[in-house]
Each structure stands twice: as C-alpha cells, then as structure tokens.
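>
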Amino acid sequence: MGNADLRSLATLRDVPFADLEGSVVAVDAHNWLYRYLTTTVKWTSDEKYTTGEGVEVANLIGVVQGLPKFFEHDITPVFVFDGGVTDLKSEEVADRREAREKAEERKQAAEERGDAIEAARLSAQTQRLTDTIQETTRDLLDILDVPWYDAPAEGEAQAAHQNAVGDADYVGSEDYDTLLFGAPRTLRGLTSKGDPELMDLDATLADLDLTREQLIDAAMLCGTDFNAGISGIGPKTALKEIRAHGDLWGVLEARDEHIEHAERVREFFRNPPVRDDYTDEYDLDIDPDVEAARAFVTEEWEVDAGEVERGFERIEESLVQTGLDRWT
DNA sequence: CACAGAGA
DNA sequence: TCTCTGTGG
704 MGNADLRSLA
714 TLRDVPFADL
724 EGSVVAVDAH
734 NWLYRYLTTT
744 VKWTSDEKYT
754 TGEGVEVANL
764 IGVVQGLPKF
774 FEHDITPVFV
784 FDGGVTDLKS
794 EEVADRREAR
804 EKAEERKQAA
814 EERGDAIEAA
824 RLSAQTQRLT
834 DTIQETTRDL
844 LDILDVPWYD
854 APAEGEAQAA
864 HQNAVGDADY
874 VGSEDYDTLL
884 FGAPRTLRGL
894 TSKGDPELMD
904 LDATLADLDL
914 TREQLIDAAM
924 LCGTDFNAGI
934 SGIGPKTALK
944 EIRAHGDLWG
954 VLEARDEHIE
964 HAERVREFFR
974 NPPVRDDYTD
984 EYDLDIDPDV
994 EAARAFVTEE
1004 WEVDAGEVER
1014 GFERIEESLV
1024 QTGLDRWT
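The first sequence lines up with residues 704 to 1031 when you count with my numbering.
1) Do you know offhand how far SER895's Cα is from GLU956's?
2) For ASP905, which of helix, strand or coil comes out of DSSP?
3) Using 9 Å as the threshold, is the C-beta distance between GLN768 and VAL1011 below it?
4) Am I right that LEU987 and PRO850 are in contact with their C-beta atoms under 8 Å? What's the rounded C-beta distance?
5) I need the straight-line Cα distance from ASP898 to ASP959, nearest angstrom please.
6) Please determine, among GLU1016, VAL977, ARG973, the residue with the shortest C-alpha to C-alpha distance to GLU994.
7) Do you know how far the Cα of TYR852 is from the Cα of TYR985?
8) Look at ARG841 and PHE773 and say whether their C-beta atoms are less than 9 Å apart.
9) Can you tell me whether ASP848 is helix, strand or coil according to DSSP?
10) Select from THR839, ILE1018, TYR981, TRP952 the residue whose C-alpha is nearest the C-alpha of ARG969.
11) Pull up the distance between the alpha-carbon of ASP905 and that of VAL868, whole angstroms please.
12) Using CA atoms only, rank isn't needed, just tell me which of GLU966, ARG978, LEU893, LEU712 is closest to PHE929.
13) Hey, how far is the Cα of GLU989 from the Cα of LEU847?
14) Does the structure place the region 878-888 close enough to the region 756-765 that three or more beta carbon pairs sit under 8 Å?
15) Tell me where the beta strand (DSSP E) around VAL783 begins and ends.
16) Can you round the beta-carbon distance between ALA729 and VAL781 to whole angstroms, since I take them to be within the 8 Å contact cut?
17) Suppose contacts are defined by Cβ-Cβ distances below 9 Å. Is LEU715 in contact with LEU918 by that definition?
18) On a Cα-Cα basis, can you pick out the residue from ARG946, VAL954, GLU916 that is closest to PHE1032?
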C-alpha cells in the first residue's frame, strides 16, 4: 500500500515561484508541520527544540523557518488544521490529557473493528501533533497575523474544497491524495529548495481519460491511507482494470476480490466532510508583529535564538520587499 | 514520502 | 515492465 503510486498517475510540472506571486495557498497544516517535526528534530540537538520542562517546540522553529518562503514570493498561506481536535485554548490540562487518552482508546477500538478511516483520523490526532504543538502553532500564527482555521475533519479535504470553490488558488501539501479529494491544483515541495511542483487535477484526468470517481477507484485498488490495496495491483494494472471494468465494483467482481469498507472510503474521498463558513475567520492582509513573535518563541518558549533569528530576519526583509505590508 | 534493489 | 520491500528522511 502506498500513496506514492498516485505520483505515477498524476500530471505534474514544475512552476517557478515567480508564477505564484499574489496567490493564496490553502496549506494542509498537519502535513506542513509534520515535515518540520521529523526533519528539524532529527538534525538539531534536543535542547534546541525542547524547553527545560521537556516540551517539544520544534514546530515553532518550523513555522519561523517555513513562513519566509511564502512571504518572499508574495504568497498568502491559509493554514488549515485537522478538525476533531478540541479547542485547547479554553480547556484544562486534565481535560486535554483525558481527551488524548480517549482518542487513543477510540483509535484502538477502531483498529480492532477494522475501521481504518476512524483509526487513521484518530492516529493523526494522537501522535505527532501533540496538544502543545497544536496550541503553540496557532498562537504563533496569530501573533504573525497568518490566517488559519480548523477543518471539520481532514485538513487536506478542506483545503481541497477551498481550492475547488475558488477561495484559494492552490492547495499546499506533499500528499498526492489531495487529487482524490478534488483539489484542482496542488503545490508540492513548497518548503523544499527548488521550484515547487504543480499537480493539476483536470490535466491528470484528461491525460488518463478518467473521471475523478474512476481515479479514486484506481487509487483504492492500489491502496490508500484508508484502505489496503489488492495485492499485485499497482498503478498500471489499476488503470487497465478500471478501464476494462468501468469502476471499482466491476474490477472487484471480475477478480473476485474484496476491499474492506470500500463503500465508506470511496464516499469519503468523493464527498468528505468540509465547511463553507471559514472565510470570516481570517483576514488575508497579513501584518505580522515580528517583535512579539520573537519574544513568544525565544523567551516564552525558550527556543535558542540562533535557531530562529535568520527566519525572523527574512520575514522582516520580506515585509519591505514584497509589499506584504502595503495595506498598513 | 523518495529512492533503490529484489523478484516476478 | 510492474510490483513489492526496505531504508532513510
């Protein structure tokens, strides 16, 4: 099982940052943060991303190091967080731990009854992005005046929806399944060195001569985050089979195979839980308080100033150069 | 998730 | 050629 199978089906092309100027990108916050939580932590000594009390703050370093890329190219990010997470700001510490333990229990239960969707969803909530990380990331984004909001369920699906209805020009994510969720244009490698990579839904469907529904079916045959694929079926065979039999059911019947919870997973990709009342929760005109952010990161959360100084400098420089502050 | 090497 | 598995990030 692997989502990377989708890469060989997707229509991808590099786009220079210059072409992205002035655009709005709905960023899958979980995906974006995860990148820093796995890489930053790996190459930095413990004391630099952990407070004296052992609280992980690698996410703060990640935010400060990652945001300049957007600002320098006059790209406005809107971070979309996964839903289902309780509003941590207003809850007691005990409640948070209880919620996490309950989520862990529900995850176990979901796994036992074979509910992959629920298990994956709860796993994302209980593992990498701890309560503190969720909270401090939001706080820092607020101080930097960077827009964000919570999705009802998958941030990826919500970001795809925002892109589809035209409230964002692109989705920002490394994942290929934004394609399945219907994101018209996904930017990959937005944090990496070179030019980003554009994954285009319409071009993909046109090149493959498939409908989105058929693409979802093909992906499910290969295996997704929410279902195991059919052994022996990779992207090539999946395409061939979907073309031969029309849809998932046709293929499964012809090969006498079965996919657990196929109906649910299929429907989940086709019509995921999303919300439409998000635009009034943020303002696209960004006016960061860099000094306050510096204090928040280095003093309140004791992050080694050397780890974030360059990032803050770049943010300050970009404010002047890209006209992000033109409204102020 | 990317890449590489084994195995069919 | 295509799929699967393992490793590293």
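A virtual CB, placed ideally from N, CA and C, is assigned to each residue, including glycine.
To lay it out plainly:
1) 43 Å
2) Per DSSP, reduced to three states, the secondary structure at ASP905 is helical.
3) For the 9 Å CB-CB criterion, GLN768 and VAL1011 form a contact.
4) 6 Å
5) 44 Å
6) GLU1016
7) 7 Å
8) no
9) Note: ASP848 maps to coil in three-state DSSP.
10) TRP952
11) 15 Å
12) Cα-wise, what sits closest to PHE929 is GLU966.
13) Looking at the sequence provided, one finds Ile at residue 989 rather than Glu. Near 8 Å, if we compare the C-alpha coordinates of LEU847 and ILE989.
14) no
15) 779-784
16) For a cut-off of 8 Å, the C-beta gap from ALA729 to VAL781 is around 5 Å, short enough to register as a contact.
17) no
18) Because the chain is modelled from 704 through 1031, residue 1032 falls outside the range shown and cannot be assessed.
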